[in-house]
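A.B. asks: Each protein sequence line maps, in turn, to chains A, B and C. Position one of the first sequence corresponds to residue 116 (the numbering used here), numbered consecutively onward. Position one of the second sequence corresponds to residue 8 (the numbering used here), numbered consecutively onward. Position one of the third sequence corresponds to residue 33 (the numbering used here), numbered consecutively onward. Sharing a structure with you now.
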Amino acid sequence: MKKIAFALAAVLGLSVSMAEAADKIRIGTEGAYPPFNGINKEGKAFGFDIDIANALCAQMKVECEIVAPLDWDSILIGLKKKKYDAVVASMSITEERKKAVDFTEPYYSNNLTLVAKKGSSVDPKNLAGKAVGAQRATIAANYVTDELKDVDAKLYDTQENAYLDLASGRIDLLVSDKLPAYDWLRSEQGQGFEFIGDAIDVNDKIGIAVRKKDDELREKFNAAIKAIVANGTYAKINEKYFPFSIY
Amino acid sequence: MIDLQGFGPQIALGAWMTVQVAFGGLIVGLVFGLMGAAAKLSPYAVLRGVGQSYTTVVRGIPEILVVLIVYFGGEDIVNRIAESVGYDDYIEINVFVAGVCALGLSFGAYATEVFRGAIQSVPVGQIEAAVACGMQSHQIYWRITLPQAMRLAIPGLGNLFQVLLKDTSLVSLIALPELMRTSQSAIQNTKEPFTFYFIAALIYLGITTVVLVGQIYAERWANRGVKRASA
Amino acid sequence: MNWEEIFIALPKLLDGALLTLELVFISCIIGFVIAIPVALMRASQNWWVSNIPLIYTFFFRGTPLLVQLFLFYYGAAQFDAVRDSIFWPVLREAYWCALIVFALNTGAYTAEIFRGAIQAVPHGEVEAGIAIGMQKHTLYRRVVLPRAIRMALPAYGNEIILMLKSSALAYTITLFDLTGVTRTIIARNYLAIEMYFTAGIIYLLMTFIFIQIWMRMEKHLLKFQN
């Protein structure tokens, strides 16, 4: 019995991490949402969100650690459980999410959009019976379940799987954030697809999520965001990914 | 040949992570299995009840739920236990530990039954002889019962390990970069799901085969010196 | 523990449970139908007849169900040839993809269980059948298979329970089974523990009810077995 207890303690001990040094921030990101966050061949996270996170940390003069990949569905739950200190993963600021976490000021803006095959007969005003897809736990998914009645809704764990099904024709229409979709339409897989209908303006702002009452961190991020926008760092990063401003 | 488009190293790392999770889960699972069998065979009704609840509950819910519950709830439980024994610092459970514990918990519930059956199959005469020699209860358990029970338990445990190996794919769903998850990263960049999932399947088959061969050798070793009825 | 939210979520969870039961029931029936001929082939003395189906059972028993699902659902859709074929209207639907993969998966495991049972049928009974002049197919139909299936009942019951639990993976290909509904609800209310707890209870109930039914069936079928 003692031996077993000792073994268990050893196993747990392997996972003990002492309280983090005050000036190191762990930033969680999904790693499955190009061009904002993705995982490259070396297994490292890359993308707009990562560049912004690094820029903010440099501005705040703190050391940052990027935690990726993470499961999108549970990324806020991980934040609450202190697995990381902030989430920079193109997360929209919504009232629902504000019940669970606090957000910084926005670092970019977004619209929802509909994507379908070029020349398809999908009419955005009349979608009854069509297969419509979105990534689970996003405002796109909320739009599909709340606003679009009578559709055959399909929810995906990752945006990537949603693209795969759109490309193969399993879903007639994809509801997605406009910017990643814009990037996808430029890719080889996205040829032959287009935006249809008007962009759905949900006045969507993208922010950094921090734990509730973690005001100090939140204010630090806010100050840093203002600073990098003012000194042109933001514009440089923006330019790398999009020919228009997304702030 | 099949073009991995530069993701070979990452896939290999993913396969290695799979093996690590599997062996971690095996060790934790064997511990839980032995404890569970001891509980179920114990003379105390309370312990028997605990053992029975453990096997019934964990065998009755999907492994993916066990993984999800351990990942989200595990930290709370561990920290509460730690607090009650006076350990104040926050203990973090990372994805690897959560995965290993969840898979071990699941493995242990089935292993309990395997061990229980094996222990009960050790000839009673041996135990009687040990008692007659004046051996203490724990000496009998460690020197007589367990070694012989191991021989009978290996086939069952081997099969459970095969299942465990495949269940490691479930930890991809909590974003641990084992084989499935790294395959998905590769697919994100290359857009070739068939290629990478097929390679993942082949790698799993390879690992399974190696374990199967290992199991045959383990059975032979455990059965050395035992006369068998002709096949 | 937020009991109110659990109560609100219950109807949707039960809907998901219904889909789970539907998927498991249908795929087990198809799996059973696949398993019998495959088991007979695997139990054969002929090397070719016995080892060709081995490729099938080895693949489906040696790889995780998750890989099989993704390979079939996302992998197959990669090829134009598949998308242009007559099978596409069926393969397009996640429901059918899940059914096919589950059926093939449980078929492989069941086939191996039945094969073990067929090979364990006491040879004396087979000899008796031959002695009274039974044809091979009658022998199988009236002596071997009934005996083998009865011997396989405990292991086969286990396999069905395993299938019930494996069905939880259907959500990964967009189906709203019990686990899928659970994850979708958690995505909106963040009450992970409450929802997984409830889903766990529902799975336990389904497993428990199934075990009771199966034990009754075993008792009935094994009534005249000593």
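For each residue, glycine too, the CB sits at the ideal point set by N, CA and C. Computed from a predicted structure; not experimentally measured.
Could you tell me if residue 50(B) is buried or exposed, where buried requires 16 or more neighbouring beta carbons within 10 angstroms of its beta carbon?
C.D. replies: That one is exposed.
A.B. asks: In angstroms with no decimal places, state the Cα-to-Cα distance between residue 239(A) and residue 295(A).
C.D. replies: Roughly 20 angstroms separates the two Cα atoms.
A.B. asks: Less than 8 angstroms between the CB atoms is what I'm expecting for residue 152(B) and residue 138(B), so what's the real figure, rounded?
C.D. replies: Not quite, the Cβ-Cβ distance comes to about 12 angstroms (not below 8 angstroms), so this is no contact.
A.B. asks: Chain A beta carbons: is any one of them nearer than 8 angstroms to that of residue 14(B)?
C.D. replies: Output row for residue 14(B): interface = yes.
A.B. asks: Mapping DSSP to helix, strand and coil, what is residue 108(B)?
C.D. replies: Here residue 108(B) sits in helix by DSSP.
A.B. asks: In chain A, what lies closer than 9 angstroms to residue 224(C) by C-beta?
C.D. replies: Under the 9 angstroms cutoff, chain A gives 189, 192.
A.B. asks: Could you check whether the Cβ of residue 43(C) sits closer than 8 angstroms to any Cβ belonging to chain B?
C.D. replies: Output row for residue 43(C): interface = no.
A.B. asks: Using CA atoms only, rank isn't needed, just tell me which of 167(A), 156(A), 157(A) is closest to residue 143(A).
C.D. replies: Comparing Cα positions, the closest option is 167(A).
A.B. asks: My guess is that residue 300(A) and residue 289(A) are in contact by the Cβ rule of under 8 angstroms, so how many angstroms apart are they, rounded?
C.D. replies: Actually they do not touch by this definition, with Cβ atoms about 11 angstroms apart.
A.B. asks: Quick check: residue 92(C) and residue 149(C), are their CB atoms within less than 8 angstroms of each other?
C.D. replies: Contact: no.
A.B. asks: For a contact meaning CB atoms closer than 9 angstroms, what does residue 103(C) contact in chain B?
C.D. replies: Those within 9 angstroms of residue 103(C) in chain B are 200, 201, 204, 205, 207, 208.
A.B. asks: Alpha helix (DSSP H) containing residue 356(A): first to last residue?
C.D. replies: First-last of the alpha helix (DSSP H) with residue 356(A): 348-356.
A.B. asks: So, under 8 angstroms CB-CB, residue 207(B) and residue 186(B) are touching, yes? Tell me the CB distance rounded to an integer number of Å.
C.D. replies: Correct: roughly 5 angstroms between the Cβ atoms.
A.B. asks: Just the chain C side, please: which residues come within less than 8 angstroms of residue 272(A) by C-beta, in chain order?
C.D. replies: The contacting residues are 204.
A.B. asks: Can you tell me whether residue 140(B) is helix, strand or coil according to DSSP?
C.D. replies: DSSP places residue 140(B) in coil when its eight states are reduced to three.
A.B. asks: Using DSSP with H/G/I as helix, E/B as strand and the rest coil, what is residue 229(A)?
C.D. replies: Strand at residue 229(A).
A.B. asks: Which residue's Cα is closest to the Cα of residue 145(C): 61(C), 55(C), 81(C), 190(C)?
C.D. replies: Cα-wise, what sits closest to residue 145(C) is 190(C).
A.B. asks: If you follow the alpha helix (DSSP H) that residue 77(C) is in, where does it begin and where does it stop?
C.D. replies: Run containing residue 77(C): none; DSSP gives neither H nor E here.
A.B. asks: Is it true that the CB of residue 107(B) sits closer than 8 angstroms to the CB of residue 57(B)?
C.D. replies: No, the pair does not count as a contact, with Cβ atoms beyond the cut-off.
A.B. asks: Give me the chain B residues within the contact set of residue 158(A), using Cβ-Cβ distance strictly less than 8 angstroms, ordered along the chain.
C.D. replies: Near residue 158(A) (Cβ distances below 8 angstroms), the residues of chain B are 17, 20, 184, 189, 192.
A.B. asks: Using the beta-carbon of each residue, which ones in chain A are nearer than 8 angstroms to residue 122(B)?
C.D. replies: Ordered by position in chain A, no residue passes the 8 angstroms Cβ test against residue 122(B), which lies about 14 angstroms from the chain.
A.B. asks: Look at residue 168(B) and residue 40(B) and say whether their C-beta atoms are less than 8 angstroms apart.
C.D. replies: Not closer than 8 angstroms, so no.
A.B. asks: When we look at the beta-carbon of residue 224(B) and count the other beta-carbons within 10 Å, is it buried (16 or more) or exposed?
C.D. replies: So residue 224(B) ends up on the exposed side.
A.B. asks: Using the C-alpha atoms, what's the distance from residue 207(C) back to residue 127(C)?
C.D. replies: The straight-line gap from Cα to Cα measures roughly 7 angstroms.
A.B. asks: Taking residue 335(A) as part of the alpha helix (DSSP H), name the residues at either end of that continuous run.
C.D. replies: Run containing residue 335(A): 330-345, per the alpha helix (DSSP H) assignment.
A.B. asks: Going by alpha carbons, who is nearest to residue 14(B) out of 204(B), 212(B), 216(B)?
C.D. replies: Minimum Cα distance to residue 14(B) is reached at 204(B).
A.B. asks: Per DSSP, what are the beta-bridge partners of residue 250(A) in this structure?
C.D. replies: Paired residue(s): 271(A).
A.B. asks: Determine whether the Cβ of residue 136(A) lies closer than 8 angstroms to any Cβ atom of chain B.
C.D. replies: Note on residue 136(A): pLDDT 44, under 50, position unreliable in the model; no value is reported.
A.B. asks: So, at 7 angstroms on beta carbons, what are the nonlocal neighbours of residue 183(C) in its own chain, with the 5 sequence-adjacent residues on each side left out?
C.D. replies: Answer for residue 183(C): 149, 152, listed in chain order.
A.B. asks: Starting from residue 213(C), trace the alpha helix (DSSP H) in both directions and tell me its first and last residue.
C.D. replies: Residues 210-221.
A.B. asks: What whole-angstrom Cβ distance do residue 368(A) and residue 184(A) have, given they're in contact under 8 angstroms?
C.D. replies: Shown here, chain A extends from 116 to 362; a query on residue 368(A) therefore has no answer.
A.B. asks: Kindly list the residues whose CB is nearer than 7 angstroms to the CB of residue 169(A), restricted to its own chain and excluding five residues on each side of it in sequence; keep chain order.
C.D. replies: Cβ neighbours of residue 169(A) beyond the five flanking positions: 179.
A.B. asks: Would you mind working out which of 207(A), 228(A), 224(A), 227(A) sits nearest residue 218(A), comparing C-alpha positions?
C.D. replies: Checked all of 207(A), 228(A), 224(A), 227(A); the closest Cα to residue 218(A) is 207(A).
A.B. asks: Go to residue 308(A), then tell me how far its beta strand (DSSP E) extends in each direction, as first and last residue.
C.D. replies: Residue 308(A) -> beta strand (DSSP E) spans 308-325.
A.B. asks: Compute the beta-carbon to beta-carbon distance between residue 189(B) and residue 21(B), rounded to the nearest angstrom, for a pair I have assumed lies under 8 angstroms.
C.D. replies: Contact holds; Cβ gap of about 3 angstroms.
A.B. asks: Give the residues of chain C in contact with residue 64(B), contact being defined as C-beta atoms less than 7 angstroms apart.
C.D. replies: Simply 236.
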